[in-house]
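Below is one structure, written out as structure tokens; comments come after it.
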Amino acid sequence: MRGSNYNYSVIISHNLILETIDTLALLLPRTDCRVRKWYQKFQRMYTLDSRVLSLEYLKPEHRNVDHFTFWGGRLRKIKQAFDGHEPHGPLQWWRDDRKPVQWWTFWIAALILVLTIVFGFTQSITSIIQVAKS
Amino acid sequence: MSSTPLTTLSPLQRSLRHKQSVLELSLAVVREIWVCDFGIQEYGDYRKDYDSYFSHIYQDLTVAACRGDAQIPDFTHEKILEIVRRLKSQVLTKSEAIQSFPTRGCHDTARVERAVNLAAGLLVPLNFKSAGGARRGAVVLWEADQTLHQLVENEMRDLVNITNPFHSTCTSCDSTWNFPTSFNARQLVRIAGFEIIWTSNLLDHLLLQDGDESLKLHIFHQANVLESHLKFSKYVLPMNTL
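Note that the protein sequences, when read in sequence, are chains L and Z.
Here our numbering is used: the first sequence runs in plain steps of one and ends on residue 137.
Here our numbering is used: the second sequence runs in plain steps of one and ends on residue 347.
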């Protein structure tokens, strides 16, 4: 940057820029390789800015909604919509790991149900065959 | 004829309507607007960082400026970038920016205003009214007596008041509300079926809209523009010039 010889006026305030960068780090964390791959797919498709994946990490203490002065209101709405969403169909049920305890409970119960049906069905068939042979 | 042959013109001396090598123009624009010292070979390594800006902001806005009312296809890139330089280096209201415009060959105020709006749009990622509708979403009106800084501040103040009306009175509300690591854009799509709209309009960032079948979430992706403004702030004008 040739900046040392120049003076610039501030157009977008420092705080707004840093906070906006933090929202990008929150939604597109570069540490999550699945998010990186997901974003890179769109980046190639729509010529998105590759710098998004090089932004600073969002510090754990900044993951609080009160950290976001400008964007807090919109982030609240997004979080509420995200939390309030009920999964539609087995695929979204499978992907929905927002509440791990519920997720494990649900899928273990589903597995037990399937096994019960399979074994019950097998036992019934076996019994029918035994009755038929005797 | 003593006019300069076309081949010796730099990419910036050509008019907005003139189609030319994207690489040359992109390099010239990046050097001028974002004040980088890249040579053409060095730029090859960094080009991907600026592709998005050049494609979604510079090209979209300059192409749009060649259409509609008060179109300016015969203005050169250099002329527009001259305004960008002034907006960056001086604290100018819109009317001052219009007055300082080099008017040689153009006395049409509407076209000069359009050129100033275009320059502002190249520098600030907002959707300026009368910029030709190249960007979707929220439109801002740059008033004649406003500086660009005042415009951005006003828009953001309005945004905070609208989206967070209790912000000033209820600072302790939800103070323990943390975002889990599972709260990211990919999960919003996978789990909750959000549709992501990638935008170059800062005012639309994180805007949630009801779509036909899903919620549409706008995400501003021009991180390099933000970082470049951050670099500028290291070389801020002293207060006595403001």
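All residues carry an ideal CB built from backbone N, CA and C; glycine is no exception.
What you are looking at is a predicted structure, and each value in this text was computed from that prediction instead of being measured.
Coil, strand or helix - residue i by DSSP
i               : result
F143 of chain Z : coil
K62 of chain Z  : Outside the shown range of chain Z (106 to 347) lies residue 62 of chain Z, about which nothing can therefore be said.
H70 of chain L  : helix
H323 of chain Z : strand
N232 of chain Z : strand
W303 of chain Z : strand
Y60 of chain L  : coil
T50 of chain L  : coil
Closer than 8 Å at the beta carbon, the chain Z residues around residue i
i              : result
Y49 of chain L : W303
K80 of chain L : T268, L313
Cβ shell of residue i (< 7 Å), same chain only, five flanking positions each side left out
i               : result
T252 of chain Z : V196, L197, T198
L293 of chain Z : F299, L322
R216 of chain Z : A175, I177
E183 of chain Z : L117, Q118
S319 of chain Z : G298, F299, E300
S137 of chain L : none
T34 of chain L  : Y60
Beta-carbon neighbours of residue i, restricted to chain Z and to distances below 7 Å
i              : result
L31 of chain L : N289, A290
L19 of chain L : M261
Chain L residues whose Cβ lies nearer than 7 Å to that of residue i
i               : result
H123 of chain Z : Result: empty, since nearest Cβ-Cβ is about 22 Å, beyond 7 Å.
W247 of chain Z : Going along chain L, no residue has its Cβ under 7 Å from W247 of chain Z, so there is no contact; the nearest lies around 12 Å.
A328 of chain Z : I24, L27, D52, R54, V55, L58
D156 of chain Z : T50
N283 of chain Z : R66, N67
L181 of chain Z : In the sequence under discussion, the amino acid at residue 181 of chain Z is Thr, which differs from the Leu named in the question. The contacting residues do not exist; T181 of chain Z stays about 22 Å from chain L at best.
T268 of chain Z : G76, R77
Own chain partners of residue i with C-beta closer than 8 Å, once the 5 adjacent residues on each side are dropped
i               : result
D213 of chain Z : A175
F109 of chain L : W96
D99 of chain L  : P90, W106
S126 of chain Z : P116
V117 of chain L : none
V189 of chain Z : E137, I138, A224, L227, L228
V244 of chain Z : N232, F233, K234
R66 of chain L  : L29
Cross-chain neighbours of residue i in chain L, by beta carbon under 9 Å
i               : result
K199 of chain Z : By Cβ distance, chain L contributes nothing, its closest Cβ being about 13 Å from K199 of chain Z, past 9 Å.
L335 of chain Z : I15, H17, I20, L21, I24
L264 of chain Z : F73, W74, G76, R77
F325 of chain Z : T23, T26, L27
V257 of chain Z : I14, I15, S16, L19
Neighbouring residues, chain Z, relative to residue i (Cβ below 9 Å)
i              : result
Q95 of chain L : R295, I296, A297, G298
Contact set for residue i: own chain, Cβ-Cβ below 6 Å, skip 5 residues either direction
i               : result
L186 of chain Z : E137
C171 of chain Z : L121, R122, P178
I302 of chain Z : K321, H323
Within chain L, the residues that residue i reaches when beta carbons sit closer than 8 Å
i               : result
K234 of chain Z : Per Cβ cutoff of 8 Å: no residues; K234 of chain Z is ~18 Å from chain L at best.
S160 of chain Z : T50
K193 of chain Z : Y11, S12, I14
K153 of chain Z : S53
Residue i: CB within 7 Å of a non-hydrogen atom of the ligand GDP
i               : result
Q251 of chain Z : The ligand GDP is not among the ligands present in this structure, which contains no ligands whatsoever.
*Below 8 Å, can you find three or more Cβ-Cβ pairs linking the stretch 148 to 158 of chain Z to the stretch 45 to 58 of chain L?*
Enough Cβ pairs lie closer than 8 Å, so yes.
*Flag this pair as touching only if the stretch 40 to 48 of chain L and the stretch 72 to 88 of chain L have three or more C-beta atom pairs under 8 Å; answer yes or no.*
By the Cβ test, the stretch 40 to 48 of chain L is not in contact with the stretch 72 to 88 of chain L, since fewer than three Cβ pairs between them sit closer than 8 Å.
*Is it true that the stretch 125 to 136 of chain Z meets the stretch 19 to 39 of chain L, where meeting means three or more beta-carbon pairs spaced less than 8 Å apart?*
With a cut-off of 8 Å, the stretch 19 to 39 of chain L and the stretch 125 to 136 of chain Z do not count as touching, because too few Cβ pairs lie within range.
*Length-filtered (4 minimum) alpha helix (DSSP H) runs lying within the stretch 155 to 196 of chain Z*: Counting whole runs of 4 or more residues, the stretch 155 to 196 of chain Z contains the alpha helix (DSSP H) stretches 165 to 169, 182 to 194.
*asked:* Within 8 Å, do at least three Cβ pairs link the stretch 176 to 194 of chain Z to the stretch 9 to 18 of chain L?
replied: Contact between the stretch 9 to 18 of chain L and the stretch 176 to 194 of chain Z is present, because at least three Cβ pairs lie under 8 Å.
*Tell me the start and end of each unbroken alpha helix (DSSP H) in the stretch 70 to 112 of chain L that is at least 4 residues and wholly inside, in chain order.*
You should have 75 to 87, 92 to 98.
*Got a sec: which bits of the stretch 104 to 127 of chain L sit with their beta carbon under 9 Å from any beta carbon on chain A, in order along the chain?*
Absent from the structure is chain A; the protein chains it does hold are L and Z.
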